[in-house]
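Here's the structure, in structure tokens; my notes come after.
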Amino acid sequence: MKLTLRIWRQRDAKSAGKFVTYSLDNISPNCSFLEMLDILNEQLIQKNEEPVVFDHDCREGICGMCSLYINGRPHGPDDAVTACQLHMRKFKDGDTIVIEPWRARPFPVIRDLMVDRSAFDKIIQEGGYISVNTGGAAEANNILAGKENSELAMDAAACIGCGACVAACKNASAMLFVSAKISQFALLPQGQIEAKQRVKKMVKMMDELGFGNCTNTYACEAECPKLISRSNIARMNREFICAKVI
Amino acid sequence: MAEINSKIPKGPLTSKWTHYKDHQNLVNPSNKRKLDIIIVGTGLAGSAAAASLGEMGFNVKIFCYQDSPRRAHSIAAQGGINAAKNYPNDGDSIYRLFYDTIKGGDYRAREANVYRLAEVSNNIIDQCVAQGVPFAREYGGSLENRSFGGAQVSRTFFARGQTGQQLLLGSYGALSRQIKLGTVKLYDRHEMMDVVLIDGKARGIIARDLITGKLERHFGHAVVVATGGYGNVFYLSTNAMGSNTSAIWQIFKKGAYFANPCFTQIHPTCIPVHGDYQSKLTLMSESLRNDGRIWVPKKKEDAEAHRHGKLKANDIPEEDRDYFLERRYPAFGNLVPRDVASRAAKERCDAGFGVGPTGLAVFLDFRESIGRLGKHVIEERYGNLFQMYEKIVDENPYANPMMIYPAVHYTMGGTWVDYELQTTVTGLFAAGEANFSDHGANRLGASALMQGLADGYFVLPYTVQNYLAGEIRVARMSTDKAEFVEAEKVVQARLEKLMAIKGNKSVDHFHKELGKIMWEFVGMARNEAGLKSAIELIRKLRAEFWKDVKIPGIINELNVELEKANRVADFLELGELLAYDALNRNESCGGHFREEYQTEEGECKRNDEDYKYVAAWEYKSEGEFILHKEPLDYEEIEVKQRVYK
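Now the structure itself:
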């Protein structure tokens, strides 16, 4: 395949960025999107140019590190995959591909396509856990959890924290991410004791960090590589209201 | 130099750990606050240890190269975690889990460590359930189990095909809670460059801030390395792109012995290699072997026709299929341990029965189980894995059998540690895949998660405290001390040396070349001549690397190529030690298969008389290593040939 790439290059958060155009030839359709970028970088290095910086690690769709906005969509044109699992067969020979970083104020650009997502860690630190110390946990089967709710909790817990939901949202809202964690614990008996505190603190931090509100466009759900459902947002809203009112 | 003393507590096997805990030294709460612990790596072992030690009141600093602790590669583990709960009432027990693990490791692991692992396995499940890990449940609400390779009981707990993710998010949650409470300080996008020794004890590390490129000095009364395995020495593996050996290689050079480097695991069920641009291999969980049947065509002409795209798998009639694992190993069938399954697949492909475009693949077929259980059951059990397969291969695995081939997955070898997980350097500990301790020559499925969490939650919190009890009089040290300054200088010099080469070939070029040598000569089957030539080739490649590697950019800022170069430089040294160890071990056992040593049926032929020991290597100088032997004494278990027939 022959491709034209328009890639966002930016020195750091303070510098202005711009699109730079590159051409690539002889790309196999079976190559993954990141392997295509590897090939580009190899060529740039040979030409004494600086390679394009992008985050990636596991390359099997689970670590959540890759974060490319491809042709106007987080993780690109294929559904239910991260950029590392996107393959070039989803593009056509001769295509122009535009590659940008996540664009959201709480995710400042570090360089090129690499952004700082530590805001997500900060939200989790507010209460994205059950406060239990190591040792002394009760026998596991003393806590029974219904299969149906456990499955729903697992659906929510499958979130990989990549930030595609924020990148997709015109408000840069993190509500799909936050609600996935809230839901996981709201659906399990272990999560009940701290439920009120958890939702209040996590939502407060989410707001403080500058993530926007939800205006129900559901772009987050449409672009989520792990198919996290928007019904989690509804569940979080209910949890939040209960925590405030009751 | 350090002596080998595994410090195994006296007394009967079943009470050693209890005895240790009853008699260990403790630190009182006011002293805990004055003691600093550095932990490198945020996978299951690192994050669990950091959270637990933070909860206890120690001051912890934790480091990871990723942008968040939640991204450590433990997250990619799919199938499950073992524990001896015996919920299915199928005859499991702590002893049986212990026995299976020792046998699975081909009698090359330490009895006392493995027994402790089996003992704490049940606590891990309790802990994770309390944390809200969404394990699979039965309709009555109790926990569900499934079977895994190398066992005849169902003892594996799982969260769909994302067990590693869910366990890691559990420990990441516990870690996050401590970060919020201020007992743990997180340094993300930081890489450990070296350990700092003062008066023979580990007292800190030199780390590089990967964003600014600046070197930093960090003090700790103790240092824990939990940086995972070294499978990326093969370039293509199921590891993450950033997984590296640098932390355990640097401590090796500072006196921490490296044990059994040749014990590497080739996982049987991975998606086959498809092109030279490929950057990594994707695992298909071992759990698939519960319901999938592995086969190749019985007739060579069928295999050949499939390779050329002239025959589809589904068109090969039942009587022309060779379910070679079921044929060779009727007792365990498709659930034989990984080393056995991998070699059997390689044997069929080498004999000309391999399928797929390259002929290096075998089928993993779900037709029968879909017929028996229905598609929805298979989808519920393995949905995400089937989706992953389809995205990568562009073929529907519900309709056509998967094609799989073995790939490098896990490394049983690693930093030598004693019963307390302490290395041969005082005050320096190694945990999880980074150490060598529990899996012998082959790891059973669903045991890596168990070991990572055992080390992190239930071993280190005791043993590190025991060590620190002797350090309460040591005040926090200034990082302006000469040892810190000197260590930083050495790191800086190495980085400058790398940057000054200004050669012609990229870092990836060297990494790929190294991978080819390793896979060809030090991979699934090894022999004396091949290993000797591997050592020569690696030396040559290393020399070429230090003359001709090309790294763009500058030192004191974000420089991804420099990060990679630093890691590959260490792989180029480790590869040699790995081949050296494989050459020394004149026997076949577990994942280490020497062609010269096999039975008439092609199974591993161990040599217990000469090699029933842990090979602990000491670093002398580049390419020069001294062997220390830790004999393995089996008191509880009778050592015999591993039979899965």
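Quick mapping for you: the protein sequence lines, in order, are chains A and B. Using our numbering, the first residue of the first sequence is number 903, and each one after it goes up by one. Using our numbering, the first residue of the second sequence is number 50, and each one after it goes up by one. Cβ coordinates follow ideal geometry from the N, Cα and C atoms, glycine included.
Judged by DSSP secondary structure, isoleucine 255 of chain B falls within the beta strand (DSSP E) whose first and last residues are 250-258. Secondary structure note for isoleucine 686 of chain B: it is in no beta strand (DSSP E), with a DSSP letter that is neither H nor E. The closest CA to that of alanine 1042 of chain A, considering only B:Ile174, B:Ile584, B:Val571, B:Tyr188, is found on B:Ile174. For arginine 911 of chain A, the uninterrupted beta strand (DSSP E) segment begins and ends at 905-911.
Cβ contact annotation for aspartate 659 of chain B (same chain, cutoff 8 Å, sequence separation greater than five): Asn635, Glu636, in chain order. In this chain, the alpha helix (DSSP H) harbouring phenylalanine 620 of chain B covers 609-633.
Chain-order list of chain B residues neighbouring asparagine 973 of chain A: empty, with the shortest C-beta distance near 18 Å, by a criterion of under 9 Å. At a cut-off of 8 Å between beta-carbon atoms, leucine 434 of chain B makes no contact with chain A.
Contact residues of the stretch 1037-1051 of chain A toward chain B are Ala1039, Ala1040, Glu1041, Ala1042, Asn1043, Ile1045, Leu1046, Ala1047, Gly1048, Lys1049 (C-beta to C-beta distance below 7 Å). The beta carbon of valine 922 of chain A does not come within 8 Å of any beta carbon belonging to chain B, so the residue lies off that interface. Distance from the CA of leucine 607 of chain B to the CA of tyrosine 221 of chain B, rounded to the nearest whole angstrom, comes to 26 Å. Our two residues, proline 450 of chain B and histidine 355 of chain B, have alpha carbons roughly 13 Å apart in a direct line.
Runs of beta strand (DSSP E) with 3 or more residues, each lying fully within the stretch 355-429 of chain B, are found at 411-414, listed in chain order. Listed in chain order, the non-local C-beta contacts of isoleucine 550 of chain B below 6 Å within the same chain comprise Val598, local neighbours out to five positions each way being set aside. Here valine 955 of chain A has Arg1013, Asp1014, Leu1015, Met1016 as same chain residues with Cβ atoms under 7 Å from its own Cβ, once five neighbours each way along the sequence are excluded. Within the DSSP secondary-structure output, isoleucine 675 of chain B pairs in a beta bridge with B:Glu667.
Measuring C-alpha to C-alpha distances from lysine 347 of chain B to each of B:Met105, B:Asn293, B:Arg397 identifies B:Arg397 as the nearest. Across the set A:Phe1087, A:Val922, A:Ser930, A:Asp997, the C-alpha of A:Phe1087 shows the shortest separation from the C-alpha of alanine 1059 of chain A. Rounded to the nearest angstrom, the Cβ distance from glutamine 211 of chain B to glutamine 127 of chain B is 7 Å, consistent with a contact under 8 Å. A Cβ of chain A is located within less than 8 Å of the beta carbon of methionine 437 of chain B. In the displayed model, glutamine 471 of chain B falls within a strand according to three-state DSSP.
Look at valine 109 of chain B here: in three-state DSSP terms it is strand. Just measuring C-alpha positions, the residue of A:Ala1097, A:Arg1137, A:Glu1050, A:Ala1039 sitting nearest glycine 189 of chain B is A:Glu1050.
In the structure shown, the three-state DSSP call for asparagine 131 of chain B is strand. With fewer than 16 other Cβ atoms from the protein chains shown falling within 10 Å of its own Cβ, glutamine 1099 of chain A counts as exposed.
If only complete runs of 4 or more residues are kept, the stretch 634-660 of chain B shows the alpha helix (DSSP H) at 657-660, in order along the chain. For arginine 1132 of chain A, the number of other beta carbons within 10 angstroms of its own is at least 16, and it is reported as buried. Under the Cβ distance rule, arginine 120 of chain B counts among the residues neighbouring chain A, one pair being separated by less than 8 Å.
Looking at the DSSP output, cysteine 319 of chain B sits in a beta bridge with B:Leu332, B:Tyr454. Taking 8 Å as the cut-off, the beta carbon of serine 1085 of chain A is found closer than this to the beta carbon of arginine 1137 of chain A. Among the residues facing chain B, alanine 1069 of chain A is not included, as its CB has no counterpart in that chain under 8 Å away. In the DSSP assignment, alanine 271 of chain B is bridged to B:Ile86.
Distance between asparagine 339 of chain B and glycine 199 of chain B, taken at the CA atoms: about 12 Å. Secondary structure at methionine 241 of chain B: strand, using DSSP grouped into helix, strand and coil. Arginine 430 of chain B does not reach chain A, its nearest Cβ partner there being about 12 Å away, counting only Cβ pairs nearer than 7 Å. In this structure the stretch 271-280 of chain B touches the stretch 81-92 of chain B; the number of beta carbon pairs closer than 8 Å is three or more.
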